[in-house]
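Protein chains: 2
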Amino acid sequence: MPSSLQESSPPASATHRTDVVVIGAGLAGLTAARRLVAAGHSVVVLEARDRVGGRTLNHDLGDGQVVEAGGQFVGPTQNHVLALADELGIGTFPAYAEGASVYVHRGRATRYSGDIPPDLLALPDIGVTTARIARMSRQIPLHAPWEARHARRWDATTLDSWIRGTTLGRGGLDLLNSFLGSAYGATAADASLLFSLHYIAGMGAEGVPGTLDRGIGTKDGAQERRFTGGSQRLSSTMAEQLDGRVVLDSPVRAIEQDDRTVTVRTDSSAWTCRRAVVAVPPALAARIRFSPLLPPEQDALFARLAFGQLMKCEAVYDEPFWRAAGLSGQGVFRAGSTVCSMFDNSPPGGRPGVLMGFLGGRQWRAWAHRPAHERRGAVLRAFAQVVGPEALRPRNYFEQDWTAEEWTRGGPTAIAAPGVLTELGAWRDRPFGRIHWAGAEHADYWNGYMDGAVRSGKDTADTVIEQEG
Amino acid sequence: MPSSLQESSPPASATHRTDVVVIGAGLAGLTAARRLVAAGHSVVVLEARDRVGGRTLNHDLGDGQVVEAGGQFVGPTQNHVLALADELGIGTFPAYAEGASVYVHRGRATRYSGDIPPDLLALPDIGVTTARIARMSRQIPLHAPWEARHARRWDATTLDSWIRGTTLGRGGLDLLNSFLGSAYGATAADASLLFSLHYIAGMGAEGVPGTLDRGIGTKDGAQERRFTGGSQRLSSTMAEQLDGRVVLDSPVRAIEQDDRTVTVRTDSSAWTCRRAVVAVPPALAARIRFSPLLPPEQDALFARLAFGQLMKCEAVYDEPFWRAAGLSGQGVFRAGSTVCSMFDNSPPGGRPGVLMGFLGGRQWRAWAHRPAHERRGAVLRAFAQVVGPEALRPRNYFEQDWTAEEWTRGGPTAIAAPGVLTELGAWRDRPFGRIHWAGAEHADYWNGYMDGAVRSGKDTADTVIEQEG
Chain B
1 MPSSLQESSP PASATHRTDV VVIGAGLAGL TAARRLVAAG HSVVVLEARD RVGGRTLNHD
61 LGDGQVVEAG GQFVGPTQNH VLALADELGI GTFPAYAEGA SVYVHRGRAT RYSGDIPPDL
121 LALPDIGVTT ARIARMSRQI PLHAPWEARH ARRWDATTLD SWIRGTTLGR GGLDLLNSFL
181 GSAYGATAAD ASLLFSLHYI AGMGAEGVPG TLDRGIGTKD GAQERRFTGG SQRLSSTMAE
241 QLDGRVVLDS PVRAIEQDDR TVTVRTDSSA WTCRRAVVAV PPALAARIRF SPLLPPEQDA
301 LFARLAFGQL MKCEAVYDEP FWRAAGLSGQ GVFRAGSTVC SMFDNSPPGG RPGVLMGFLG
361 GRQWRAWAHR PAHERRGAVL RAFAQVVGPE ALRPRNYFEQ DWTAEEWTRG GPTAIAAPGV
421 LTELGAWRDR PFGRIHWAGA EHADYWNGYM DGAVRSGKDT ADTVIEQEG
Chain Z
1001 MPSSLQESSP PASATHRTDV VVIGAGLAGL TAARRLVAAG HSVVVLEARD RVGGRTLNHD
1061 LGDGQVVEAG GQFVGPTQNH VLALADELGI GTFPAYAEGA SVYVHRGRAT RYSGDIPPDL
1121 LALPDIGVTT ARIARMSRQI PLHAPWEARH ARRWDATTLD SWIRGTTLGR GGLDLLNSFL
1181 GSAYGATAAD ASLLFSLHYI AGMGAEGVPG TLDRGIGTKD GAQERRFTGG SQRLSSTMAE
1241 QLDGRVVLDS PVRAIEQDDR TVTVRTDSSA WTCRRAVVAV PPALAARIRF SPLLPPEQDA
1301 LFARLAFGQL MKCEAVYDEP FWRAAGLSGQ GVFRAGSTVC SMFDNSPPGG RPGVLMGFLG
1361 GRQWRAWAHR PAHERRGAVL RAFAQVVGPE ALRPRNYFEQ DWTAEEWTRG GPTAIAAPGV
1421 LTELGAWRDR PFGRIHWAGA EHADYWNGYM DGAVRSGKDT ADTVIEQEG
């Protein structure tokens, strides 16, 4: 039989009161808080991390320069995050995309321009697939994809299965997987066709149908621009303006509610409020203890909206030497390489020069646990395939592994496996009593993107404001 | 700014010591504990519920009779749970399967014998599909399905997609989905083909290849027998013999470890031990706070090993009136009905008579939230289609909704979506430092079944015993 020891009692906890508690100080939570405060509500934002910004994170390069270690790109039709930046006085600048990009396949690097790599064998398949995806995604009711005429059929299969049935060769699928490595942190085999069509249908805005081209594109696409001072500045500026209402280092463990009140508990404090906005990724929301329990469908949905795996690897050089050689610094690697895709990630002035590569899904799994120096070597060799051997000697190199972060556990966004959307999707945004949901995964347009997070934060705040009168 | 109130401090917590803490008093955890105690280790089993047995649960019918509201069937090759029952002095009896079964399709009931419903249009497809599944499942290395030659291809598609590509009509798929409604709590659209082949390959024992027939079968199959006194008796007898070592009402919230010690925390106590065995479903294990964090792949895998949705509905009659009419009480309903399948679930003597129906997956979602009297009416009407209108007037009716249970959250078992096994499967049973895993989802043979739970509990205990010398 075990022996007993006495342990000191934990510190007494304090109970606070406010109108609304927002859980999570990422773009969605802070946008919601900002809007609620503007409508006259008292608000507290509880953040698990010791910083704001969620999946956006600035990395300090010294000399007042920063580079993004998390979400960073913004482009046309992402009007909500652009409008927020405008309000906050944060400008944008074009991501560097002059000159030729490079496509790497079987160790051979080929220069090209535009967004589609010059894989001659894959081009016909890419054309057919893109056209079919465009036609099918137009049939998706954005607010209820499970109501599409062929929803059940399209949700019973993976994107991979569908593409194999549409194409002749493997090139189209491999190239799509290069994009999905950074967009899903996974492959076409992990995602439902219906989910993918919905994701693409949302790459637009009201009156502007979403297209895959806009999603993968640099010019006129989702990778067109970046935020001056780094994307995390959106969140840190909002947090500053929220003036003491953001409480860091406060992971929320439990949320209780009755007909009139919600109680939000951290390890050391409790907050009672009229409504709560949970603005953390769904899979993390499902790990909060709710009392009463979440409806089983909502719990099952949130748990299934799992993140892919993603790491960003960045190398810093005195200058972006590739530009003089007529290269954009952009590279696309067909399956089997260390990185899925890479970009020139230099600050606006081009001093220093920065190359950034994504290790997503399979690449993450292949490399995340190898010794750091081996991974660094492999990433730099991949960079060198695109911009030449100078890439092997950066003055600095750093990584951000979102998958190892307790409060993200993957990235960049949640992807739905087959069955999830048709069976449980209707529960995604449904308030649970006085508890509301926000976040990039709760958006129809630009789901999983910064714009989706801002949209969702605004929409959820508006719902709370309407309910509270 | 919010106002502050003072809250009373929580009770001081006690710290206990033992060699091994087992988390979860289901079949796996109790089997592991029993084996560890026999090897001379001090053991404590922490159970979140106020009872032992996990997904097995006896329902008291009065007069000393019980019927199972959870896992209940046992059959040939399930040698580990049968051997455990033998050790505990718990007998088995044949599930009632005399007379004709009934197949219900488009409101029409057809009698048949054997395990395959007499759907003439579906039979050729069923024959071809069953033969191909048998051939493919023999290619699955049971301990490492991701190493099958076609693993990646088979894991990139759903079972649904593959069957549609193999069959001519819809009948075979519909019938398989009737089985999967109770086996997966889901449909063929939710599961990876590779996962399903592995699941089927495990429906056997060492030297006896698994077959789908054994899985769906009554005679000579997984539904052949039941435990005298109900399956929960296995757990309650083990708990009695563990004599005070099982602590109920103790949900584990956090597990910390260093090189030498593991600390397991409930809301009111802490246990330090040399090793811990986590014997709860993977998706619930992922909700425990681990420090250090679980490896990201293991966390991602556990979160993705989500349960289907399942409810059991049982009607009690003075006697099993259908037997006299030459009916087994077994019914299979093709897609679209209220229940997926039903069985005669009477106690050994046939007094009273009990009919049991599964609401799994789509049926659960269609009915779980309807008013109880509507659901009862619909279930009884389904029963009446199989055994006649007498079914409409039971003397008692009860339900067990596993999906609404905080400590199960679905049922009967975890199913893997495409991509999960090939990408993350190798992490399923890997100990995390001094933390080990057990449960029906950690078994290769009879994964998700009581036999898998017992096997896994034994295997994990043996690993711990070996490590501790």
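Residue numbers (our numbering), protein chains in the order written: chain B, 1 to 469; chain Z, 1001 to 1469.
Each residue gets a CB set at the ideal place from its N, CA and C atoms; glycine is no exception.
Beta-ladder partner(s) of residue i, from DSSP
{"i": "residue 967(Z)", "result": "Here chain Z comprises residues numbered 1001 to 1469, so residue 967(Z) is not present and cannot be evaluated."}
{"i": "residue 1265(Z)", "result": "1254(Z), 1270(Z)"}
{"i": "residue 1102(Z)", "result": "1111(Z), 1331(Z)"}
{"i": "residue 394(B)", "result": "According to DSSP, residue 394(B) bridges with nothing at all."}
{"i": "residue 1400(Z)", "result": "1312(Z)"}
{"i": "residue 1459(Z)", "result": "Beta-bridge pairing links residue 1459(Z) to no other residue."}
Burial state of residue i (16 or more Cβ within 10 Å)
{"i": "residue 3(B)", "result": "Reliability of the predicted coordinates at residue 3(B) is poor, the pLDDT of 40 falling under 50, and the value obtained from them is presented with this limitation in mind. Burial call: exposed."}
{"i": "residue 336(B)", "result": "exposed"}
{"i": "residue 319(B)", "result": "exposed"}
{"i": "residue 232(B)", "result": "buried"}
{"i": "residue 1310(Z)", "result": "buried"}
{"i": "residue 396(B)", "result": "exposed"}
{"i": "residue 8(B)", "result": "Because residue 8(B) sits at a pLDDT of 40, beneath the cut-off of 50, its placement in the model cannot be relied upon, and the point is left open."}
{"i": "residue 1535(Z)", "result": "There is simply no residue 1535(Z) to check, as chain Z begins at 1001 and stops at 1469 in what is shown."}
{"i": "residue 467(B)", "result": "exposed"}
{"i": "residue 1001(Z)", "result": "Because the pLDDT at residue 1001(Z) is just 36, under 50, the model does not fix this residue reliably, and the value given afterwards should be weighed accordingly. Label assigned to residue 1001(Z): exposed."}
{"i": "residue 110(B)", "result": "exposed"}
{"i": "residue 346(B)", "result": "buried"}
{"i": "residue 1005(Z)", "result": "With a pLDDT of only 40 at residue 1005(Z), under the threshold of 50, the placement of this residue in the model should not be trusted, and no figure is reported."}
{"i": "residue 1380(Z)", "result": "buried"}
Residue from the options whose Cα sits closest to the Cα of residue i
{"i": "residue 187(B)", "options": "413(B), 317(B), 463(B)", "result": "413(B)"}
{"i": "residue 1077(Z)", "options": "1221(Z), 1018(Z), 1179(Z)", "result": "1221(Z)"}
{"i": "residue 1047(Z)", "options": "1117(Z), 1244(Z), 1109(Z)", "result": "1244(Z)"}
{"i": "residue 107(B)", "options": "383(B), 434(B), 295(B)", "result": "383(B)"}
{"i": "residue 333(B)", "options": "342(B), 52(B), 211(B), 326(B)", "result": "342(B)"}
{"i": "residue 442(B)", "options": "285(B), 315(B), 264(B)", "result": "285(B)"}
{"i": "residue 1352(Z)", "options": "1092(Z), 1062(Z), 1054(Z)", "result": "1062(Z)"}
{"i": "residue 112(B)", "options": "326(B), 408(B), 377(B), 405(B)", "result": "326(B)"}
{"i": "residue 262(B)", "options": "272(B), 97(B), 253(B)", "result": "272(B)"}
{"i": "residue 256(B)", "options": "248(B), 224(B), 241(B), 289(B)", "result": "289(B)"}
{"i": "residue 1179(Z)", "options": "1150(Z), 1217(Z), 1198(Z)", "result": "1217(Z)"}
{"i": "residue 291(B)", "options": "306(B), 254(B), 305(B), 270(B)", "result": "254(B)"}
{"i": "residue 138(B)", "options": "198(B), 102(B), 82(B)", "result": "198(B)"}
{"i": "residue 1344(Z)", "options": "1317(Z), 1359(Z), 1370(Z)", "result": "1317(Z)"}
{"i": "residue 1067(Z)", "options": "1424(Z), 1338(Z), 1182(Z), 1355(Z)", "result": "1355(Z)"}
{"i": "residue 974(Z)", "options": "1330(Z), 1422(Z), 1393(Z), 1129(Z)", "result": "Beyond the ends of chain Z as shown, which are 1001 and 1469, falls residue 974(Z); an answer cannot be given."}
Cβ-based neighbour list, residue i, same chain, cut-off 6 Å, excluding 5 preceding and 5 following
{"i": "residue 154(B)", "result": "193, 194"}
{"i": "residue 1036(Z)", "result": "1020, 1043, 1461"}
{"i": "residue 1438(Z)", "result": "1028, 1032, 1277, 1279, 1456, 1457, 1460"}
{"i": "residue 159(B)", "result": "188, 191, 193, 196"}
{"i": "residue 1012(Z)", "result": "Low per-residue confidence applies at residue 1012(Z): pLDDT is 48, beneath 50, and the placement is therefore not dependable, though the value from the model is reported in the following sentence. There are no such residues."}
{"i": "residue 400(B)", "result": "69, 312"}
{"i": "residue 15(B)", "result": "270"}
Run of the beta strand (DSSP E) containing residue i, from where it starts to where it stops
{"i": "residue 1112(Z)", "result": "1108-1112"}
{"i": "residue 1296(Z)", "result": "Segment 1296-1304 is the alpha helix (DSSP H) holding residue 1296(Z); no beta strand (DSSP E) there."}
{"i": "residue 1329(Z)", "result": "1327-1333"}
{"i": "residue 1195(Z)", "result": "It is not in any beta strand (DSSP E) - residue 1195(Z) instead sits in the alpha helix (DSSP H) that spans 1193-1201."}
{"i": "residue 1344(Z)", "result": "1341-1344"}
Cβ-heavy atom distance, residue i to the ligand NAD, below 7 Å
{"i": "residue 1233(Z)", "result": "Of ligands this structure carries none, so the ligand NAD is not represented either."}
Neighbour list for residue i in chain D, Cβ cutoff strictly below 8 Å
{"i": "residue 293(B)", "result": "The chain labelled as chain D is not found among the protein chains of the depicted structure, namely B and Z."}
Residue range of the unbroken alpha helix (DSSP H) whose run includes residue i
{"i": "residue 1235(Z)", "result": "1232-1241"}
{"i": "residue 65(B)", "result": "Unbroken run through residue 65(B) is the beta strand (DSSP E), 65-68; no alpha helix (DSSP H)."}
{"i": "residue 1021(Z)", "result": "Careful: residue 1021(Z) lies outside any alpha helix (DSSP H), inside the beta strand (DSSP E) at 1020-1023."}
{"i": "residue 1374(Z)", "result": "1372-1387"}
Cβ-based neighbour list, residue i, same chain, cut-off 7 Å, excluding 5 preceding and 5 following
{"i": "residue 418(B)", "result": "155, 156, 157, 158, 192"}
{"i": "residue 302(B)", "result": "282, 283, 285, 286"}
{"i": "residue 1018(Z)", "result": "1042, 1043, 1044, 1271, 1273"}
{"i": "residue 10(B)", "result": "For residue 10(B), the predicted structure reports a pLDDT of 44, less than 50, and the residue's modelled location is therefore unreliable. A value from the coordinates is still provided. Closer than 7 Å at the Cβ level, and outside the excluded window around residue 10(B), lies no residue."}
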